[in-house]
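Trainee:
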Amino acid sequence: MEEQSGKWIARNVPFTDEYIISNNISKKDTPITKIIVNHLKDMEVYMHRYFPNDIDTQQWICNPFSIEMEEINFLNFKAQEEFAELTSDTTLRLRFSQVPVHEFWIEIKSEYPLLSEMAMNKLLPFCTTYLCESAFSTLTYIKSKYRSTLINVENLLRSAITQIEPRFNYLCKINNHIRHINIV
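FYI, in the UniProt record's numbering the residues of the sequence shown are 1 to 184.
#1: Assuming Gln59 is part of the alpha helix (DSSP H), what are its boundary residues?
#2: So for Glu165, helix, strand or coil by DSSP?
#3: So what's Lys109 in DSSP terms, helix, strand or just coil?
#4: Helix, strand or coil: how does DSSP classify Thr91 here?
#5: Could you tell me whether the segment 75-83 touches the segment 109-116, where touching means 3 or more Cβ pairs closer than 8 Å?
#6: If we ignore side chains and look at the alpha-carbon of each, how far apart do Ser66 and His48 end up?
#7: Thinking just about the alpha-carbon of each residue, which of Gln98, Ile32 and Ile108 is nearest to the one in Phe83?
#8: Exposed or buried, Pro64, counting other C-beta atoms within 10 Å across all chains shown (16 or more means buried)?
#9: When the Cα atoms are used, what is the spatial distance from Pro31 to Asn38?
#10: With DSSP as the reference, label Ile67 as helix, strand or coil.
#11: Using CA atoms only, rank isn't needed, just tell me which of Thr138, Ala119, Ala160 and Leu124 is closest to Thr57.
#12: Compute the Euclidean distance between the alpha carbons of Gln80 and Glu111, then round it to the nearest angstrom.
#13: Taking Cβ positions, are Ile142 and Leu156 nearer each other than 7 Å?
#14: Using C-beta distances below 7 Å, list every residue in its chain close to Ile161, excluding the 5 sequence neighbours before and after it, in chain order.
#15: If the criterion is Cβ atoms closer than 7 Å, does the pair Lys122 and Ile61 meet it?
#16: Let me know if residue 259 comes out buried or exposed under the rule of 16 or more other beta-carbons within 10 Å of its beta-carbon.
#17: What's the C-alpha gap between Gln59 and Asn152?
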C-alpha cells in the first residue's frame, strides 16, 4: 500500500518531488514530510471515492462510435443489444458529431432508454456540481458587495444565476404603458 501510494503521489502530484528537490528538503521522516505525505494519502482516498478507476469502462459514453463490442462486455445483455443498434445507426453517428455529449444522450432517450439512463447517471453529477459551485460563488460575490444592506438574498441570487434572458423591450413597453395610465 505504501509503495502504491507513493506511485499515485508521484503520478498525480508531480510537482511535490520537484519542490522537495529544488528546496533541498530532506525526504526523511521530518514532521513536515509526514504531514505532507499523510495529507496526500488522504487526498488520494477522496480522489478515488469521487473519481473511481473505472474511467476505461466509461469511454462508451464519451464516444460510443469508437468503441468495439468487446470493450463493453461489462454491460448487461440488454445494454449491449442497445449499444449494437446505436453504433450501427449512421444518422445517430452524424448527430453525435453535431451536438454536445449530454444532448446526444438526452435526444436518444426514447430509442435507447437503458443506455441513455446509464450515460446520464455518469454525466449528471458534473452538471449539478457546476451549478451549485456557480451559485455559491455568485452568492459570495453578492454578500460581499451588499453585505451591510443584505436582508433577502433570494431575489438577487435568482436574477444573477438564471439562464433566462430578460425581455427588456417588453418590460419597458409595459412600464411606459403603466406610466401613461397613471398620468391620465
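Every residue, glycine too, gets a C-beta built ideally from N, C-alpha and C.
Source: prediction; values computed, not measured.
Mentor: With the structure as the only source:
#1: One-based indexing of the sequence shown puts residue 59 at position 59. Per DSSP, Gln59 belongs to the alpha helix (DSSP H) from Gln59 to Cys62.
#2: Looking up residue 165 in the sequence shown gives position 165. It is coil, neither helix nor strand.
#3: Taking the first residue of the sequence shown as 1, we reach residue 109 at position 109. Note: Lys109 maps to coil in three-state DSSP.
#4: Position 91 of the sequence shown, counted from the first residue, corresponds to residue 91. Here Thr91 sits in helix by DSSP.
#5: yes
#6: Position 66 of the sequence shown, counting from 1, holds the residue named residue 66. Position 48 of the sequence shown, counting from 1, holds the residue named residue 48. Using only the alpha carbons, I get a separation of about 26 Å.
#7: To locate residue 83, count along the sequence shown from 1; it is residue 83. Comparing Cα positions, the closest option is Ile108.
#8: Start at 1 with the first residue of the sequence shown, and residue 64 comes out as number 64. It is buried - the Cβ of Pro64 has at least 16 other Cβ atoms within 10 Å.
#9: Your numbering for residue 31 matches position 31 in the sequence shown. Your numbering for residue 38 matches position 38 in the sequence shown. Cα atoms of Pro31 and Asn38: separation of roughly 11 Å, rounded to the nearest angstrom.
#10: Taking the first residue of the sequence shown as position 1, residue 67 is located at position 67. In the structure shown, Ile67 sits in coil (DSSP, three-state: anything other than H, G, I, E or B).
#11: Locating residue 57 in the sequence shown gives position 57, counting from the first residue. Closest by alpha carbon: Ala119.
#12: One-based indexing of the sequence shown puts residue 80 at position 80. One-based indexing of the sequence shown puts residue 111 at position 111. Gln80 and Glu111: Cα-Cα distance of roughly 14 Å.
#13: The sequence position of residue 142 within the sequence shown is 142, counting from 1. The sequence position of residue 156 within the sequence shown is 156, counting from 1. The answer is yes: Cβ separation under 7 Å.
#14: Translated into the one-based positions of the sequence shown, residue 161 becomes position 161. Close CB contacts of Ile161 within its chain, under the 7 Å cut and outside five residues either way in sequence, are with Ser134, Ala135 and Thr138 (chain order).
#15: Within the sequence shown, the letter at position 122 stands for residue 122. Within the sequence shown, the letter at position 61 stands for residue 61. With contacts defined as CB atoms closer than 7 Å, Lys122 and Ile61 qualify as a contacting pair.
#16: No answer is possible for residue 259: it lies beyond the span of the chain, which begins at 1 and ends at 184.
#17: Here residue 59 corresponds to residue number 59 of the sequence shown, with the count starting at 1. Here residue 152 corresponds to residue number 152 of the sequence shown, with the count starting at 1. Distance between the alpha carbons of Gln59 and Asn152 is about 45 Å.
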